[in-house]
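Student: My structure is below; once you've seen it, I'll send some questions.
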Amino acid sequence: MLPVPSDPEDVPAPSSGDPAAASSMVAGATFELPPNADVLALEQILQSAYEKSPEVQVAQARVQLGDAAIEGEPLIQWNPQVWIGVGLRANANGRNFEIQSQLDQQIEIFGERRMRIRAARAYKRQLERELDKVKWSIYAQVHAAYNTALLAKQRAETAAGVVAFSQRLVDTAKRRAAAGEISNLRVRIAEGEFAQARQRKLAADLDFKVAANRLSESAGWAKDRLLVPSGDLRLPEKVGDPDSFYDKAMTEHPMIAAQQAAVETAEARLAAAKRDRFPEPMVGAYYSRENEPGGVGVPTSVGLATVTIPIPLWQRNQKARARAKAELEVARAELGAVEYRLGLQIRRAVEAVNTAAERVETYSRDVVPRFEENMEMLEQAFELGEVDIIEVFVARSRFLAIQTEALDAYGSYYQAIRDFESLVGTSYTDAVATSPRR
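Residue numbering for the sequence shown follows our numbering, starting at 1461 and increasing by one per position.
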């Protein structure tokens, strides 16, 4: 069974039964999760996806074909044959009743059954590798949906923080207008900005619910519940040594492993077909009771042990051998095509994800963590009368634009991770954890 790759962002999360406890704080705002939300880590979501995925269920059922191929090989391939002859012996002296019988059993003496069982076991291993490939496809899909929902949650949290910030500015503007420090026009401007912030929050909330719904769908979750990823945006990581990682990925990729298993199955079937060209002798026993007509003499019983050996002159299992040889050539050609195509794609995926990680690195360290701090500084400056409300909203728009750019960079990073995991066949987290650092 394919192990479930771990992810460092997957930490235990509060139960969805307490939305306030599961909330995140941005610029003093509380981002409330929907009441039907279930906050789970990636491993828990994957477990549900593996259990409920139709593709996984079909692949698991196909593994039973391998078991059937093994169990379907009896110790002796043919049933025994019994021949009985009943008739009359006649001559000038009269007629006499006679009976003859023969028992024959065809057997294999060149290890044909052992070769067929070996081929059946190779076929089962191939089906198990196919199951691993399907599970990996499910992992890549679920992880991509998980990261998309995680990013959508961060956008919704940011939008909620901007709404709270705008509401506090409206309250401050009203107090200062009542004190005669600013005009009511400034209050109207603050209220207009607040209305726009609410619209952006509604759009961000909808995007988050859609992303969470898609995550729920990919995991086969209950229709009346909403899956929400636990954890926060993590710092970007790179594959430290692309060349070493490339060699490792080419030997462990689920698609390559499945195709290699197909080659091994074809080789085992060809060996079994070649072994089946040998003749299968037939051993038996013959018995007859004879007596000359006219009652002369006593009845005679004849018993013989028989061996029948076919001569493999015309039939030497040519058709099965030719087909098995052709299937082996096809499997080897497909393996070469898979290795060539994946080789190019893996190198591109590593370069893409490393570039995306480098792009988001500055944002993740300097921009995203400081967004709340910058908003608080703007609010304090306005309360103290150091800046006009117009300047506040200009600065807020600039900070928000930078925050949006940072989250867009994260989106590109997660897109690169999705492509990486779909192509490379290993968890990105596992890749950066096992890759040597330069």
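We treat Cβ as the ideally placed atom computed from N, Cα and C, and that holds for glycine. Please read all numbers here as calculations on a predicted model, not as lab measurements.
For Ala-1682, does the three-state DSSP call read helix, strand or coil?
Tutor: Ala-1682: coil per DSSP, three-state reduction.
Student: On a CA-only basis, which of Glu-1818, Asp-1879, Leu-1548 is nearest Leu-1695? Give me that one, please.
Tutor: When the alpha-carbon of Leu-1695 is set against those of Glu-1818, Asp-1879, Leu-1548, the nearest one is in Glu-1818.
Student: So Ala-1550 is in the beta strand (DSSP E); what residue range does that whole segment cover?
Tutor: 1541-1551
Student: In this structure, how does DSSP classify Ile-1530 when only helix, strand and coil are distinguished?
Tutor: helix
Student: Can you tell which of Val-1622, Asp-1592, His-1603 has the C-alpha that lies nearest to the C-alpha of Asn-1834?
Tutor: Val-1622
Student: Within the continuous alpha helix (DSSP H) that includes Tyr-1823, where are the two ends?
Tutor: Element bounds for Tyr-1823: n/a, residue is neither H nor E.
Student: Should Ser-1643 be labelled buried (16 or more other beta-carbon atoms within 10 Å of its own) or exposed?
Tutor: exposed
Student: Sorted by chain position, which residues of the same chain lie with C-beta nearer than 7 Å to Val-1486's C-beta, five sequence neighbours on each side aside?
Tutor: The pLDDT assigned to Val-1486 is 36, lower than 50, so where the model puts this residue is not dependable; a value taken from the coordinates is nonetheless given after this. Cβ neighbours of Val-1486 within its own chain (closer than 7 Å, five residues either side excluded): Glu-1617, Thr-1618, Ala-1620, Gly-1621, Glu-1832.
Student: Starting from Asp-1848 and walking both ways along the alpha helix (DSSP H), at which residues does that stretch end?
Tutor: Segment: none, Asp-1848 is in no alpha helix (DSSP H) and carries neither H nor E.
Student: Counting pairs of Cβ atoms below 8 Å between the region 1714-1731 and the region 1581-1588, do you hit three or more?
Tutor: yes
Student: Indicate the three-state DSSP secondary structure (helix, strand or coil) for Leu-1610 in the structure shown.
Tutor: helix
Student: Per DSSP, which residues does Thr-1760 bridge with? Please list them.
Tutor: Glu-1750
Student: Would Val-1499 and Ser-1690 be called neighbours here (beta carbons separated by less than 8 Å)?
Tutor: Closer than 8 Å, so yes.
Student: Across which residues does DSSP place Val-1499 in a beta bridge pair?
Tutor: Val-1688
Student: Alpha carbon to alpha carbon, how far is Phe-1842 from Ser-1676?
Tutor: 43 Å
Student: The beta strand (DSSP E) that contains Arg-1729, what's its start and end?
Tutor: Segment 1714-1735 is the alpha helix (DSSP H) holding Arg-1729; no beta strand (DSSP E) there.
Student: Using C-beta distances below 7 Å, list every residue in its chain close to Ala-1908, excluding the 5 sequence neighbours before and after it, in chain order.
Tutor: Nothing can be reported for residue 1908: it is not among the residues displayed for the chain, which extend from 1461 to 1898.
Student: Lys-1698 to Ala-1876, Cα distance in whole Å?
Tutor: 12 Å
Student: Look up Ile-1559 in the DSSP assignment and say whether it is helix, strand or coil.
Tutor: strand
Student: Figure out for me which residue from Arg-1858, Leu-1764, Ala-1797 has the closest Cα to the Cα of Leu-1904.
Tutor: What is shown of the chain runs 1461 to 1898, which leaves residue 1904 out entirely.
Student: Would Phe-1654 and Val-1630 qualify as a contact pair, given that the criterion is a beta-carbon distance under 8 Å?
Tutor: yes
Student: Would you call the region 1589-1607 and the region 1711-1719 touching, i.e. three or more CB-CB distances under 8 Å?
Tutor: Yes, they touch.
Student: Report buried or exposed for Met-1575, applying the criterion of at least 16 other Cβ atoms within 10 angstroms of its Cβ.
Tutor: buried
Student: Would you kindly work out how many angstroms separate the C-alpha atoms of Thr-1711 and Ser-1704, rounded to a whole number?
Tutor: About 11 Å.
Student: Around the Cβ of Leu-1506, are there at least 16 other Cβ atoms within 10 angstroms (buried) or fewer (exposed)?
Tutor: Buried, because 16 or more other Cβ atoms sit within 10 Å of the Cβ of Leu-1506.
Student: Using 8 Å as the cut-off, can you tell me whether the region 1736-1755 makes contact with the region 1592-1610, which would need three or more C-beta pairs spanning the two stretches below that distance?
Tutor: no
Student: With distances taken from CA atoms, which of Arg-1783, Ile-1769, Ala-1624, Val-1762 is nearest Ala-1734?
Tutor: The sequence given here places Lys at residue 1734; Ala does not occur at that position. The option with the nearest alpha carbon to Lys-1734 is Arg-1783.
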